[in-house]
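>
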Amino acid sequence: HASVGDILRKREVPAAVTLISVGYNAVRSVGPALGGIVVASFGPLTAFAVATLTYVALLWTIGRRKWDVRASPLPREPLTTAIHDGARFTALSAEIKAA
Numbered sequence: 004h005a006s007v008g009d010i011l012r013k014r015e016v017p018a019a020v021t022l023i024s025v026g027y028n029a030v031r032s033v034g035p036a037l038g039g040i041v042v043a044s045f046g047p048l049t050a051f052a053v054a055t056l057t058y059v060a061l062l063w064t065i066g067r068r069k070w071d072v073r074a075s076p077l078p079r080e081p082l083t084t085a086i087h088d089g090a091r092f093t094a095l096s097a098e099i100k101a102a
């Protein structure tokens, strides 16, 4: 969902998020069934090979994407300062204390 706003116009985002959610839930249902068929028909080695190929294809696709990187107007914050600020926010957050 994070990159949808970079790819689509603002008015198209709600429909895209809905479609992504529908697709995600469909894959959660169909994926294990297909995996079971591959394991039963060809064995676990083939299932792992297919899974590896799908991840490689996904990484290749992401690597070829031209990202519109926007420089932040804020200066970079040291990692230790960011961790400290995050821990402090978490410790003082009323919403987190209530949970």
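For this note's numbering, add 3 to where a residue sits in the sequence shown, where the first one is 1. In this text, a Cβ means the ideal position worked out from N, Cα and C, and glycines have one as well.
(1) Just confirm the distance between the C-beta atoms of V16 and G26, as a whole number of angstroms; I'd bet it's less than 8 angstroms.
(2) Using a threshold of 8 angstroms, state whether the C-beta atoms of L11 and A5 are closer than that.
(3) Quick one: residues in its chain with C-beta nearer than 8 angstroms to the C-beta of A94, no 5 flanking neighbours on either side, listed in chain order?
(4) Alpha helix (DSSP H) containing S32: first to last residue?
(5) Terminal residues of the continuous alpha helix (DSSP H) containing L82?
(6) Less than 8 angstroms between the C-beta atoms of V59 and A50, yes or no?
(7) What is the rounded straight-line gap between the Cα of T64 and the Cα of N28?
Taking the geometry as given:
(1) Not a contact, Cβ separation roughly 15 angstroms.
(2) no
(3) none
(4) 16 to 45
(5) In the DSSP assignment, L82 falls within the alpha helix (DSSP H) that extends over 82 to 95.
(6) no
(7) 22 angstroms
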